[in-house]
Every structure is written in structure tokens, then in C-alpha cells.
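To convert, count from 1 in the sequence shown and add 47; that's our numbering.
Note that CB positions come from ideal geometry on N, CA and C, so glycine has one too.
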Amino acid sequence: MSVLVLAGIGLLTGLTTVLFGFGGGFVTVPVIVWADARLGADAAHVAVATSAVVMIFNACVATAATDRAALSLLRRSKPLLALLAVGGAIGALATRWTPAFVTQWAFIAYLVATIVDVLVRPGFLHRRAESAVTGSGRREETGRIRAALGIPIGATASFLGVGGSVMTVPLLRRLGHDMRTATTLANPLTLTVATPALVLFGAESAGSAGSPASAGVFLYGPVDLGAAAALLAGALPVIVVMRRRPLRISDRLHAWSYLALLVLVTATMALLSLDDA
């Protein structure tokens, strides 16, 4: 039954990858914590590592299917991309030495802070017309994330297992991008953050496939291969189809839907964490 549930959640992550730029971590971390609850305190670490695997595959497919004109907005962002990768490696290393409950509650705290931020600060739910940046690339210079933010964004995202879209979409939105552009750009940014994290998790996995402590979970190092496979089986076909036939949704509804998903995932993760306490 858990495999079917994970495949269904994978379908949801495919939708969120295309609509909200979430490569998977935003949804998969709480789901994997639930699915691997038998691992006890280690479930949070497994969730973050498995999330990195799911994110990189989802983001890679979504980026490959993205219109080249949209990706051209990142052509002058090489310093940002390099620093995002450095930050992603730092966050992945920090996760290895942090107690699981700290990672779990830090994930919740960050989501709560993001919800408050998008509700209180102007520029997310209602985009200012005079600062609008569209997919055509107008006013590109004012619509780019500063390179100096690469390391903190990458490290935080990798540490929490959320890829980066939870941080970059609100930021891109306030820089004047519409939701469609902001969420589209979030996928290659997520790919940049998740790749070094996946490499480090792979290094940790060397010689550690499976263990008596895995409680029936098919682990390779800290990665739950079974959960990752089920999630990707549901997600990848949806990403391909939705890139070819994108949904038409108003910018305002798109922004409010993003906020609603933030609230849903935060509430779910909080309930799971309280049950484990």
C-alpha cells in the first residue's frame, strides 16, 4: 500500500515541479518521514537524502523540457549557479552531523517563516505592475538574484532537503517575475543545489548498501531506493505531459495556490513530528 501511496504522491510532485518549481523535496520530505517512520530518529535524514535524489531527477527532466527563451534569463547567472552548488554541498555536509529532530523542526520553522513572509511583505501575492518582468526577458538586469545569496540559499535548501524553490520562487517573484517565470527558473536552480548534495550522499553510500538497522527499508546509504523509485514513477510522466501541454492559470491564483501548498505541507509535517515526539 505504501508503494501505491508514494506513486500517487509522486504524481503530485510532478504537478508541483511544473506549477510551483518544487523538484520534490517540498512534498517528499514529510511523505518519506511518514513512509519510513519505522526507522525512528533516522527517518528525517533518510527523507532529506532521498528527497535529493527525487529532486535532481524531477528538476533535470523539467529543465530539459523548458523553453530555451525562459532559460536564457539565467545566462548571466553563472556566479550565482556556482555559489548555489557550493552552498548545496555545505548543506549536505551539515545534515550528516546534525541530529535528525533538528533537521525536522528546522524544516517546519522555515516553512512557517516563509508563510508569514509571503503574507506580510508586499510583492508576492500581488505583483507590482511597474516592476513586472516577463518571460521575454525585459528588464532582465533587475530580475536576477544576486550572486552573493547563492551560498546561503544553497546551504539552507540542501540542509532542509527542499531544493531551493521555497526560497527562490518568492525571491524571484519580488524581483518582478510573474509566477510562471519564477517557477520555471526554480527548476534549474534546484538542479544546481541538489546535484552536489546527491554526490555527497552517494559518497556516503559507498559500501553501506542495506543494513540490519534498516527495518525492512531498502536503503543505499541514507537513500531509500524503493521510495525514490515509486515517487519518480509517478512524477516523471506528469512532468513530460505538463511541459508539452501547460495549464493556463491566472498569475494571482497561481500565487495563492503556492501559499496554500506551503500551509498544507507545513501542517502535515508538524503533525508527523508531534506524533514522533
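Cα-Cα separation between L311 and R221, rounded to whole angstroms: Straight across, the Cα-Cα distance linking L311 with R221 is about 23 angstroms.
V264 in three-state terms, based on DSSP: Note: V264 maps to coil in three-state DSSP.
Buried versus exposed, by CB contacts within 10 Å (16 or more), S124: S124 comes out buried.
Who are V270's beta bridge partners in DSSP? Its beta-bridge partners are Y267.
For G68 versus G135, is the C-beta distance shorter than 8 angstroms? Using a Cβ distance threshold of 8 angstroms, G68 and G135 do not count as a contacting pair.
Would you decide whether G223 is buried or exposed? Buried here means 16 or more other CB atoms lie within 10 Å of its CB. With 16 or more Cβ atoms within 10 Å of its Cβ, G223 is classed as buried.
Helix, strand or coil: how does DSSP classify S297 here? Collapsing the DSSP output to three states places S297 in coil.
In chain order, what residues of the same chain have a beta carbon less than 8 angstroms from the beta carbon of L219, not counting five sequence neighbours either side? Cβ-Cβ distances below 8 angstroms link L219 to G190, I192, T228, A229, L232 and A233 in the same chain, with the five nearest sequence neighbours on each side left out; the list follows chain order.
8 angstroms Cβ cutoff, N234 in contact with chain B: Here chain B cannot be found, since the structure has a single protein chain.
Following the continuous alpha helix (DSSP H) through T64, name the residue where it begins and the one where it ends. Following the DSSP letters along the chain, one finds T64 inside the alpha helix (DSSP H) bounded by residues S49 to F67.
Given a cut-off of 8 angstroms on the beta-carbon distance, is the pair M316 and P77 in contact? Yes, Cβ-Cβ distance for M316 and P77 is below 8 angstroms.
Helix, strand or coil at F148 [DSSP, three-state]: Residue state for F148 is assigned as helix, using DSSP reduced to three classes.
Extent of the continuous alpha helix (DSSP H) run through G211: Where G211 is concerned, there is no enclosing alpha helix (DSSP H), given that its DSSP letter is neither H nor E.
Taking L130 as the reference, which of V149, T203, A277 and P146 has the closest Cα? Nearest C-alpha to L130: T203.
Leaving out the 5 sequence neighbours to the left and right, which residues in its chain are closer than 7 angstroms to V325 when beta-carbon positions are compared? The requested residue 325 does not occur in the structure, where the chain is confined to residues 48 to 324.
Proximity below 8 angstroms, CB of I79 to CB of L238: Result no, Cβ atoms of I79 and L238 do not sit closer than 8 angstroms.
Anticipated Cβ contact below 8 angstroms, T64 with I286, distance rounded: Contact flag correct, Cβ pair sits at about 5 angstroms.
When you compare only the Cα positions, how much space is there between T97 and G57? Their Cα atoms are separated by approximately 13 angstroms.
Between which residues of its own chain and S49 is the CB-CB distance below 6 angstroms, once the five residues before and five after are set aside? A82, listed in sequence order.
For V108 versus P269, is the C-beta distance shorter than 8 angstroms? The Cβ atoms of V108 and P269 lie no closer than 8 angstroms to each other.
Taking the straight line between their C-alpha atoms, what separation do you get for D164 and H173? Each residue's Cα considered, the two are about 13 angstroms apart.
Contact belief for A139 with L272 at Cβ below 8 angstroms, rounded distance in angstroms: Not really, about 18 angstroms apart at Cβ, beyond 8 angstroms.
Select from W303, W144, L319 and A88 the residue whose C-alpha is nearest the C-alpha of D225. Taking only the C-alpha atoms, the option nearest D225 is W303.
Excluding the 5 residues preceding and the 5 following V133 in the sequence, name in chain order all residues of the same chain whose CB lies nearer than 6 angstroms to its CB. Taken in chain order, the residues that qualify are I198.
Using 10 angstroms around the beta-carbon of L294, count the other beta-carbons present and answer buried if the total reaches 16, otherwise exposed. With fewer than 16 Cβ atoms within 10 Å of its Cβ, L294 is classed as exposed.
Tell me where the alpha helix (DSSP H) around I192 begins and ends. Note, I192: premise wrong, no alpha helix (DSSP H); not H, not E.
Taking just the CA atoms, how far does L236 sit from A117? Linking A117 to L236 through their CA atoms gives a straight-line distance of about 13 angstroms.
Could you tell me the boundaries of the alpha helix (DSSP H) in which V97 lies? Correcting the residue identity first, residue 97 is Thr in this sequence and not Val. Counting along the chain, the alpha helix (DSSP H) containing T97 begins and ends at A90 to A111.
Buried or exposed for A111, please, with buried defined as at least 16 other CB atoms from any protein chain shown within 10 angstroms of its CB. So A111 ends up on the exposed side.
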